[in-house]
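See structure below.
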Amino acid sequence: STHVDTDTALAWVRAIAESVAAHADQLTRLDAAIGDADHGINMRRGFTAVVAALDAARWSTVGEVLTKTGTTLVSTVGGASGPLYGSAFRAAGKALASPEVSPEELLAGLTAGLEAVQRLGTAEPGDKTIVDAYRPALDAFEAALRDGADLAGAARAAADGAEAGMRDTTPMVARKGRASYLGPRSQGHQDPGATSTALIFRALAEVADR
Ligand code: ADP
Ligand code: MG
Ligand code: MG
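Take a look at the structure:
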């Protein structure tokens with residue numbers, strides 16, 4: 027498909043929920059090394075509640091789906107990741123108040139989401155957070171569109187960019203969140219939040235490819 031419509035948005039969020047559930051143990055194991063061993067638990071609880079909320083009503087715009095996702099994450103995830111991802115989905119939802127959006131509009135919505143994460147969490151690239159997967163994902167999405175890629179190609183590039191960014195967090199010293207309490211001992215571990223961000227972009231690539 028060339029555009030993202032409301033059904034694509036629903037399919038994306040459902041795919042995130044499935045992937046987060048399938049990778050919950052991995053996310054929690056990563057968080058056990060440099061945090062408090064709950065990231066997979068937090069994400070699975072949040073996205074389980076999101077799917078239940080989305081199942082309970084009908085949705086007519088991409089923005090409604092993403093906004094409901096965000097508000098549900100904020101209200102069901104206690105950890106740092108709940109408000110951060112919640113703000114991102116709410117900001118993206120606000121920007122995408124239409125039944126169908128182009129790849130360029132999707133990029134603008136996802137960019138609004140990253141801005142919301144950085145406004146709330148004040149993390150910069152290199153701080154070993156969600157931002158370290160999210161920023162390269164958007165850079166790759168934008169570059170792919172500039173090179174003439176369609177939605178599926180741009181989403182695939184974004185997922186590849188997110189995964190590269192995720193891997194690049196391993197040598198970083200954490201400067202935000204619980205992992206920052208470890209200082210240099212946070213080095214040598216992949217960031218849990220950057221890992222869940224990579225799952226979110228891979229889910230988008232899978233759905234965009236259908
Ligand atoms: P908590 O740390 O409260 O237990 P989670 O374990 O669910 O919450 O999420 C931890 C992840 O949140 C980290 O791996 C990191 O990627 C992300 N994170 C923490 N603080 C920030 C921040 N200020 N900005 C961006 N991401 C952050
Ligand atoms: Mg945690
Ligand atoms: Mg916690």
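In UniProt numbering, the protein residues as written are 27 to 236.
Glycine included, every Cβ here is placed at the ideal spot set by N, Cα and C.
Quick caveat, the model's predicted, so the values are computed rather than measured.
Length of the line joining the Cα atoms of residue i and residue j
| i | j | result |
| --- | --- | --- |
| R116 | G139 | 7 Å |
| D81 | R211 | 43 Å |
| S113 | S128 | 22 Å |
| Q213 | V100 | 29 Å |
| L230 | V30 | 10 Å |
| G119 | V88 | 7 Å |
| R201 | K154 | 7 Å |
| A134 | A121 | 7 Å |
| T32 | D57 | 33 Å |
| A83 | R40 | 15 Å |
| L132 | D194 | 25 Å |
| D51 | I67 | 8 Å |
| T97 | R71 | 14 Å |
| A149 | G174 | 31 Å |
| S206 | D186 | 26 Å |
| G152 | R236 | 34 Å |
| A169 | R161 | 12 Å |
| T54 | D217 | 11 Å |
| A47 | D64 | 13 Å |
| L146 | A59 | 25 Å |
Closest by C-alpha distance to residue i, when choosing among the options
| i | options | result |
| --- | --- | --- |
| V76 | V103, D64 and G135 | V103 |
| G108 | F73, W85, A79 and E131 | F73 |
| Y111 | Y207, A166 and T137 | T137 |
| G219 | H49, D33 and H29 | H49 |
| R182 | Q52, F227 and L132 | F227 |
| A190 | D165, R204, Y207 and D173 | D165 |
| T184 | R204, A159 and D194 | In the sequence as presented, Thr is not what sits at residue 184; that position holds Ala. Checking every option, the nearest Cα to that of A184 belongs to A159. |
| M69 | R236, E44 and E131 | E44 |
| W85 | A63, P125 and V157 | P125 |
| L208 | D62, T54, L53 and A169 | D62 |
| T196 | R204, H215, A188 and G203 | H215 |
| V157 | G203, E130 and A47 | G203 |
| F167 | E130, A142 and E141 | E130 |
Beta-ladder partner(s) of residue i, from DSSP
| i | result |
| --- | --- |
| residue 13 | What is shown of the chain runs 27 to 236, which leaves residue 13 out entirely. |
| V127 | V30 |
Test item: CB-CB of residue i and residue j under 9 Å
| i | j | result |
| --- | --- | --- |
| L171 | V91 | no |
| A224 | A163 | yes |
| M192 | T221 | yes |
| A79 | K94 | yes |
| D176 | T34 | no |
| A180 | A234 | yes |
Alpha helix (DSSP H) segments (min. 4 residues) lying fully within the segment 32-104: Qualifying alpha helix (DSSP H) stretches, in chain order: 32-48, 50-60, 65-81 and 88-102.
Runs of alpha helix (DSSP H) lying entirely within the segment 116-198, each at least 4 residues, in chain order: Runs found: 129-147, 157-172 and 177-194.
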